[in-house]
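Working notes for the structure below.
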């Protein structure tokens, strides 16, 4: 009997011989699944026996033979349907030809002996909410992983353990934890993985649902498919927002472990992992930590070269090696809060976006500097020269904004210039830890604000913390945040959230001496290591921030000497009497702010306030002047020896600006007629406004 011919190159020799035997068994009738299965039993019995270990093969053969003439047989499935499905299975399994095992699987699926999901698992829940990384690797969708051989080998060894095949990758976000998992998937896909891992799906679950039915289905699917699970949001998974959800998640983890489903997790720090282990020791102690360190610069360059090939193929965008080396160099020098390779990939992605948006097809090194300036907010758009130019201008800018404090500003700029250019011995530390000392109201806060505005682009890049609010030990929790499920969790950690969102910033710790010693210890770690770990195990880097502490502590000598006669050592000694020695040693520079003289305050009134006010009125066509007597009146009320010039701005606003405001309509109307000049004077010990008509020339 004729059957639909098939190309011989689509079938293995064994499959062709099997089909020929089925045709012989069918005789004058069209062959179907019964004849194919009989041929399999008689000529490939070991294969059938391994597929159905609990089945009496002899009894199965007799049952099939007895049903050959029955049109209602469960196995009365057309030959074409079996072979078509067998070919699809072979293609799904990345086999160039259809073999007898694929024919057997097709019969089992069509007969209902095994589920279609076992052969075509795309419809499984775990593939709907996750992704099969092994399959992605087979299809060449993942760039070759470089520089991670050690971590990949360690991870595969753990996954091969018969009792505890559970690993947790430890490394900060962006260090390449997912790349290690992808490296394992690539070895499974190319057949170089150890035997226990071969042909196993490695499934990445980026999200989990706190629903018992869905979790139960995931457990069954993972066990049935012999899957390896990568729980990417492992820290989030372990940090349950409520006790009942924590119980549900721990039960989910317990069920996976009971079924010996290999699990990979990822956390930022060992400290964060230990915190979770203390809450569920029996479960989490089964997990083997594997540290994932940042790649070196030369390894990162190889990663960028692979991306460059991809960008060239997919987007016709060329990145010469010279440009790639510049990306690595700039990222290494100016982006400290992220690790390699993440910071280089981030910068390259930004550059690619700008290039495509502007129709550029070949990226040259100057675009690296331009884009880095945009990404970081630093003045490096034209390269190192622009950084040096900005540093040269910084001192004059600060001296214009904060008058009478030249020595303090020069100290600040000298140390900051060294730090921001990464010329110090430990670039992973903050871009300067400064102590501003001196009486209140002399410009300490304004200096910090001006530094943020000039060098980081905005006054909003400064965060001020009143350390008087951290005078008790328990207030450490307000710095680090509260754990999931605890009071205060919703409030977060304002300091750490700000620095995480604005890594290039100024942090002002006002009146640091008023904070509790336990709070000092938190900042000691930041000063020394350049990072801190919050209550959720998140690692927040301060490496690109500037930290400025202010203090109103006074050396004992100040009681008998003028403040401007005190030396740096006098201030350092006073600081050392209050703070621990290791804390004092982490301060890069003490900037001494001197008491303001009356002449300096007059200068501040003229240059800082009046120039701005007069310019506003000048733009409206109004000539306004302030008499020397009025300036002295403002100085008298806005400055005193104890509070410095802190009240000066309020005095100017409440007296001068409120005096002028009601007269603005009259002044504007007068300007439209004869030229007018308005002068602020003092009358009866109060400010007054005089109008003087000027004759036309």
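Residue numbers (my numbering): 3 to 699.
Ideal Cβ positions, reconstructed from N, Cα and C, are used throughout, including at glycine.
{"Query": "Could you tell me which residues DSSP puts in a beta bridge with residue 694?", "Result": "679"}
{"Query": "In chain order, which continuous runs of the alpha helix (DSSP H) of length 4 or greater are located wholly inside the stretch 160-233?", "Result": "179-192, 214-226"}
{"Query": "Please state whether DSSP places residue 756 in a helix, a strand or coil.", "Result": "The chain is shown only over 3 to 699; residue 756 falls outside these bounds and no answer can be derived."}
{"Query": "Assess contact between the stretch 192-205 and the stretch 285-293, defined as three or more Cβ pairs (one per stretch) separated by less than 8 Å. Is contact present?", "Result": "no"}
{"Query": "Please classify residue 18: does DSSP put it in a helix, a strand, or coil?", "Result": "helix"}
{"Query": "In this structure, how does DSSP classify residue 689 when only helix, strand and coil are distinguished?", "Result": "strand"}
{"Query": "So, for residue 267: in the same chain, excluding its five sequence neighbours on each side, which residues have a beta-carbon less than 6 Å away from its beta-carbon?", "Result": "170, 233, 236"}
{"Query": "Following the continuous beta strand (DSSP E) through residue 628, name the residue where it begins and the one where it ends.", "Result": "625-628"}
{"Query": "Could you name the residues of the same chain whose beta carbon sits closer than 7 Å to that of residue 573, not counting the 5 residues immediately before and after it, in chain order?", "Result": "439, 557, 592, 594"}
{"Query": "Report the partner residues of residue 392 according to the DSSP bridge assignment.", "Result": "DSSP, once it has assigned bridges, lists no residue as partnering residue 392."}
{"Query": "Give the DSSP-derived three-state secondary structure of residue 36 in the structure shown.", "Result": "helix"}
{"Query": "Quick check: what's the CA-CA separation for residue 693 versus residue 393?", "Result": "45 Å"}
{"Query": "For a quick check, are the C-beta atoms of residue 458 and residue 399 less than 8 Å apart?", "Result": "no"}
{"Query": "Indicate the three-state DSSP secondary structure (helix, strand or coil) for residue 320 in the structure shown.", "Result": "strand"}
{"Query": "Skipping 5 residues on each side, what residues in its chain have a beta carbon closer than 7 Å to that of residue 470?", "Result": "513, 516"}
{"Query": "Just list the alpha helix (DSSP H) runs in the stretch 347-407, keeping only unbroken ones of 4 residues or longer that don't cross its boundaries, in chain order.", "Result": "367-378, 386-403"}
{"Query": "Checking 8 Å against the spacing of the C-beta atoms, do residue 346 and residue 354 come in under that value?", "Result": "no"}
{"Query": "From which residue to which residue does the beta strand (DSSP E) around residue 533 run?", "Result": "533-535"}
{"Query": "To the nearest angstrom, how far is the alpha carbon of residue 299 from that of residue 429?", "Result": "15 Å"}
{"Query": "Assuming residue 358 and residue 312 make a contact with CB atoms under 8 Å, what is their CB distance in whole Å?", "Result": "Not a contact, Cβ separation roughly 14 Å."}
{"Query": "Quick one: Cα of residue 163 to Cα of residue 281, how far?", "Result": "25 Å"}
{"Query": "Label residue 622 either buried or exposed according to how many other C-beta atoms from any shown protein chain fall within 10 Å of its C-beta, with 16 as the threshold for buried.", "Result": "exposed"}
{"Query": "Apply the 10 Å Cβ neighbour rule to residue 134 and answer buried if 16 or more other Cβ atoms are within range, or exposed otherwise.", "Result": "buried"}
{"Query": "By the DSSP assignment, the beta strand (DSSP E) with residue 101 in it spans what residues?", "Result": "Counting along the chain, residue 101 falls outside any beta strand (DSSP E), and DSSP gives it neither H nor E."}
{"Query": "Does the Cβ-Cβ distance between residue 177 and residue 341 come in under 8 Å?", "Result": "yes"}
{"Query": "Please classify residue 34: is it buried, with 16 or more other beta-carbons within 10 angstroms of its beta-carbon, or exposed?", "Result": "buried"}
{"Query": "With a CB to CB cut of under 8 Å and the five nearest residues on each side skipped, what residues in its chain are close to residue 114?", "Result": "76"}
{"Query": "Around the C-beta of residue 547, are 16 or more other C-beta atoms found within 10 angstroms, so that it is buried, or is it exposed?", "Result": "buried"}
{"Query": "With residue 290 as the anchor, note down where its beta strand (DSSP E) starts and where it stops.", "Result": "290-293"}
{"Query": "Just verifying my parser: in three-state terms, what is the DSSP assignment at residue 552?", "Result": "strand"}
{"Query": "Could you round the C-beta distance between residue 365 and residue 321 to whole angstroms and report it? I think they count as a contact, below 8 Å.", "Result": "5 Å"}
{"Query": "Applying the 10 Å Cβ sphere with the 16-neighbour rule, what's the burial state of residue 563?", "Result": "With a pLDDT of only 45 at residue 563, under 50, the local geometry of the prediction cannot be trusted, and the value read off the model is given with reservation. Exposed, because fewer than 16 other Cβ atoms sit within 10 Å of the Cβ of residue 563."}
{"Query": "Tell me the DSSP secondary structure of residue 52 in three-state form.", "Result": "helix"}
{"Query": "Helix or strand or just coil, what does DSSP make of residue 635?", "Result": "helix"}
{"Query": "By the 10 Å Cβ neighbour count, where 16 or more other Cβ atoms means buried, how is residue 203 classified, buried or exposed?", "Result": "buried"}
{"Query": "Could you check what DSSP says for residue 543 in three-state terms: helix, strand or coil?", "Result": "strand"}
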